[in-house]
Amino acid sequence: MGTGAVGNSYEDECRRSLAEEQAKSLAETNNWEHVDRERVHQDWDVLYREMTALVDAGSLPGDQQIQELVRRHFDIVCRFYTPSREAYVGMSLHYAEDEGMRAFHDSYHPGLVEFLGAAIKVFAERGSGFAPSAGAEASA
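Start counting the sequence shown at 33; every next residue gets the next number (our numbering).
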């Protein structure tokens, strides 16, 4: 899935960050008992339907409207915990690599998982509000 050794190394870092940050958050919050999961799934459903309409209209992952939807996606994720940039990119990789997650996202639109992954990567490069990554904490 990566684009050469650097891409694979970065993707591996993102997968690791996602696993570590989620495990820590789950342990600290009694498996995210504070999250209204029904509301989260309703909000993601609305968001993915809006994104699908924009994809059908020819939008690109970096377009402003798509990035606004990704901001909403990120805000929903933050109901669980605030991920680092790497963990958020790791989430997009998980969506693509986990068969159930891929099927769920692609049930909205064929190829949505790849489109959302590309849009998340753009958001991670441009966006703000991320938790510091472990590497950033170590160098601070």
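For every residue, glycine included, the Cβ atom is placed at its ideal position computed from N, Cα and C.
Because the structure is a prediction, the values reported are computed rather than measured.
Item	Value
The region 127-134 contacting the region 59-71, beta-carbon criterion three pairs below 8 Å	no
Sequence-distant residues of its chain with Cβ nearer than 8 Å to Asp-88 (five each side left out)	His-141
For Ser-49, the three-state DSSP class (helix, strand or coil)	helix
Pair within 8 Å by beta-carbon distance, Glu-118 and Ser-160	no
Proximity below 8 Å, CB of Asp-77 to CB of Ile-108	no
Within-8 Å CB hit, Pro-142 to chain D	No chain D is part of this structure, which consists of one protein chain only.
Start and end residues, alpha helix (DSSP H) containing Val-67	No alpha helix (DSSP H) contains Val-67, which DSSP labels as neither H nor E.
First through last residue of the alpha helix (DSSP H) which encompasses Gly-122	117-129
According to DSSP, residues forming a beta bridge with Ala-163	Ser-116
Anticipated Cβ contact below 8 Å, Glu-53 with Pro-115, distance rounded	6 Å
Leu-92 - DSSP class collapsed to helix/strand/coil	coil
Helix, strand or coil at Arg-104 [DSSP, three-state]	helix
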